[in-house]
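A.B. asks: Residue numbers for the sequence shown follow the working numbering, so the first one is 55 and each next one is one higher.
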Amino acid sequence: MKTFTFERPESAAAAAKAVAGTPGAKFIAGGTNLLDLMKLEVEQPMHLVDVNRLPFAAVEETGDGGLRIGALVRNSDLAADPRVRKGYGVLSRALLAGASGQLRNKATTAGNLLQRTRCYYFYDTTKPCNKRDPGSGCSALGGFNRIHAIVGGSQACIATHPSDMAVAMRALDARVETMLPDGRAETIPLADLHRLPGTTPQVETVLKPGQMITAVTLPPPPKGVQIYRKVRDRASYAFALVSVAAVVDVEGGRIRSARMAFGGLAPKPWRVAAAEEVLIGAAPGKAAFAEAGEEVLSGARGHGDNDFKIPLARRTLGAVLSTATHTA
Numbered sequence: 055m056k057t058f059t060f061e062r063p064e065s066a067a068a069a070a071k072a073v074a075g076t077p078g079a080k081f082i083a084g085g086t087n088l089l090d091l092m093k094l095e096v097e098q099p100m101h102l103v104d105v106n107r108l109p110f111a112a113v114e115e116t117g118d119g120g121l122r123i124g125a126l127v128r129n130s131d132l133a134a135d136p137r138v139r140k141g142y143g144v145l146s147r148a149l150l151a152g153a154s155g156q157l158r159n160k161a162t163t164a165g166n167l168l169q170r171t172r173c174y175y176f177y178d179t180t181k182p183c184n185k186r187d188p189g190s191g192c193s194a195l196g197g198f199n200r201i202h203a204i205v206g207g208s209q210a211c212i213a214t215h216p217s218d219m220a221v222a223m224r225a226l227d228a229r230v231e232t233m234l235p236d237g238r239a240e241t242i243p244l245a246d247l248h249r250l251p252g253t254t255p256q257v258e259t260v261l262k263p264g265q266m267i268t269a270v271t272l273p274p275p276p277k278g279v280q281i282y283r284k285v286r287d288r289a290s291y292a293f294a295l296v297s298v299a300a301v302v303d304v305e306g307g308r309i310r311s312a313r314m315a316f317g318g319l320a321p322k323p324w325r326v327a328a329a330e331e332v333l334i335g336a337a338p339g340k341a342a343f344a345e346a347g348e349e350v351l352s353g354a355r356g357h358g359d360n361d362f363k364i365p366l367a368r369r370t371l372g373a374v375l376s377t378a379t380h381t382a
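#1: Would you list the residues sitting across from Glu231 in a DSSP beta bridge?
#2: Pick helix, strand or coil for Arg128, following the three-state DSSP scheme.
#3: Have a look at Leu94, Thr57, Glu64, Gly117 and flag the residue whose alpha-carbon is nearest the alpha-carbon of His101.
#4: Residue range of the beta strand (DSSP E) that Gly317 falls in?
#5: Please go through the same chain and pick out, in chain order, the residues whose beta-carbon is closer than 7 Å to the beta-carbon of Gly406, but skip the five residues on each side of it.
#6: Nearest by alpha-carbon distance to Pro321: which of Leu167, Val73, Pro136 is it?
#7: Can you grab the Cα-Cα spacing for the pair Arg186 / Met92, in whole Å?
#8: Tell me the rounded alpha-carbon separation between Glu349 and Arg62.
#9: Under DSSP, the beta strand (DSSP E) around Glu61 begins and ends at which residues?
#10: By Cβ distance, which residues of its chain are closer than 8 Å to Arg158, with the 5 residues on each side in sequence left out?
#11: Along the chain, where does the beta strand (DSSP E) containing Asp104 start, and where does it finish?
#12: Can we say the region 369-382 touches the region 296-312, given the rule of at least three CB pairs closer than 8 Å?
#13: Can you tell me whether DSSP reads Phe81 as helix, strand or coil?
#14: So, under 8 Å CB-CB, Val374 and Ile281 are touching, yes? Tell me the CB distance rounded to an integer number of Å.
#15: Please return the same chain residues whose Cβ sits closer than 7 Å to the Cβ of Pro243, not counting the five positions on each side in sequence.
#16: Using alpha carbons as the reference points, say which of Gly335, Ala329, Gly339 lies closest to Asp352.
#17: In its own chain, which residues sit with a C-beta less than 7 Å from the C-beta of Thr76, not counting the 5 before and 5 after it?
#18: Smallest Cα separation from Asp218: which of Tyr174, Arg200, Leu295, Met233?
#19: Quick check on the DSSP output: what are the complete alpha helix (DSSP H) runs of length 4 or more inside the region 141-167, in order along the chain?
#20: At the level of alpha carbons, what is the spacing between Ala225 and Gly197?
#21: Could you have a look at Arg186 and say whether DSSP puts it in helix, strand or coil?
#22: Please determine, among Ala245, Val257, Pro216, the residue with the shortest C-alpha to C-alpha distance to Pro188.
#23: Throw me the rounded Cβ distance for the Ile309 and Ala344 pair, which I believe falls under 8 Å.
#24: Got a sec? Which residues, its chain only, sit under 7 Å from Ala269 by beta carbon, not counting five neighbours each side?
#25: What residue from Ile334, Thr179, Phe316, His215 has the CA that sits closest to Val369's CA?
#26: Measure the C-alpha to C-alpha separation of Val298 and Leu250 and round it to an integer number of angstroms.
#27: Do Gly84 and Thr180 count as a contact pair if the criterion is CB distance below 8 Å?
#28: Quick check on Phe60: buried or exposed, where buried means 16 or more other Cβ atoms within 10 Å of its Cβ?
#29: Less than 8 Å between C-beta atoms, sequence neighbours within five positions excluded: which residues of the same chain meet that for Phe176?
#30: Using the rule of at least 16 other Cβ atoms within 10 Å of the residue's Cβ for burial, across every protein chain shown, is Gly406 buried or exposed?
#31: From Leu234 to Lys340, what distance separates their C-alpha atoms?
#32: Measuring CB to CB, does Leu319 end up less than 8 Å from Ala367?
#33: What distance in whole Å lies between the Cβ atoms of Ile204 and Gly372, which are believed to be in contact at a cut-off of 8 Å?
#34: Run the CB neighbour count on Ala327, radius 10 Å, all protein chains shown included, and call it buried at 16 or more, exposed below.
#35: Would you kindly check if the distance between the Cβ of Pro276 and the Cβ of Arg313 is under 8 Å?
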């Protein structure tokens with residue numbers, strides 16, 4: 055690990071200014087991802103700005119019946135919050151499906167959204183990686199790519215986003231509150247926070263230098279059955295090969311509404327409006343579920359070792375929808 059300087063600002067504005075005004079500076083809260091990357095010298099920040107003492111560790115009800123989740127709320131606390139468990143079960147289940155108990159006790163809401171990919175080649179500094187070293191190449195394209203993206207990738211990068219929490223929040227239409235270095239607040243729909251890699255995979259979000267996440271807001275609890283299903287190589291402490299967060303409401307034998315977001319498939323939490331639209335008004339059943347799956351996987355492309363993800367995603371979605379609509 056390289057040497058670095060450290061400060062602990064007393065306000066959000068000071069923290070944002072510190073990162074924006076100091077070359078090579080990074081925010082740190084739980085540190086569950088950043089410290090690993092620093093030890094491997096994938097990340098080499100010159101200055102760390104500790105935000106743990108800022109007042110962003112509460113979950114509060116909003117005026118419209120939703121929730122405002124502070125950026126520093128720990129994943130374990132959020133999963134256990136009675137309001138989350140009652141109204142946003144898909145989020146609670148997604149949080150509990152991620153990492154280990156020890157990591158969930160340290161990991162924060164903002165850090166979870168901003169954690170970096172678990173691509174083998176991103177972590178191996180002896181191998182080319184456009185995300186770590188722009189212009190060096192993508193080792194995963196011709197290498198071992200079992201965990202990599204089948205949609206949303208590019209010739210520069212096929213790494214996936216690793217978060218479970220973000221997938222559930224994507225299905226719930228979460229919005230991200232931020233503070234800019236000049237003290238202005240800016241709210242970003244979670245759908246727009248993460249960027250696809252294109253030709254610049256090293257730029258992973260739309261956040262500007264020093265722009266700090268302060269909270270995530272959720273609209274009022276949606277009506278319907280909420281499910282989070284994660285397919286992985288072992289029962290715990292493994293990242294998703296395919297995950298599905300779904301909220302499905304059935305009324306009078308027809309699907310009234312459907313929200314579906316996917317993890318393990320793309321460089322960001324993946325949601326396809328066309329797949330939800332084909333379900334609305336349809337009678338629950340294999341034909342409708344298969345049509346939705348085709349929309350989700352439209353344009354999907356395997357890279358050899360991860361070809362299996364295409365049928366796996368189709369089957370996982372079908373199983374989730376069957377359970378949600380009680381047609382299993």
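For glycine and all other residues, C-beta sits at the position ideal for the given N, C-alpha and C.
C.D. replies: Taking the geometry as given:
#1: Thr241, Ala269
#2: strand
#3: Thr57
#4: 308-317
#5: Residue numbering for the chain in the displayed model covers 55 to 382; residue 406 lies beyond these limits and cannot be assessed.
#6: Leu167
#7: 13 Å
#8: 47 Å
#9: 59-61
#10: Arg128, Asn129, Ser130, Ala133, Leu149, Leu150, Gly152
#11: 101-104
#12: yes
#13: strand
#14: 5 Å
#15: Arg229
#16: Asp is not the amino acid found at residue 352; the sequence shown has Ser there. For Ser352, the nearest C-alpha among the options comes from Ala329.
#17: His101
#18: Leu295
#19: 143-150, 155-160
#20: 32 Å
#21: coil
#22: Val257
#23: Not really, about 14 Å apart at Cβ, beyond 8 Å.
#24: Phe110, Arg122, Ile123, Gly124, Ala125, Glu231
#25: Note that residue 369 is Arg in the sequence shown, not Val. Checking every option, the nearest Cα to that of Arg369 belongs to Phe316.
#26: 19 Å
#27: no
#28: exposed
#29: Val96, Arg170, Cys183, Lys185, Arg186, Ala213
#30: Since the first and last residues shown for the chain are 55 and 382, residue 406 lies out of range.
#31: 47 Å
#32: yes
#33: That pair is no contact at about 17 Å.
#34: exposed
#35: yes
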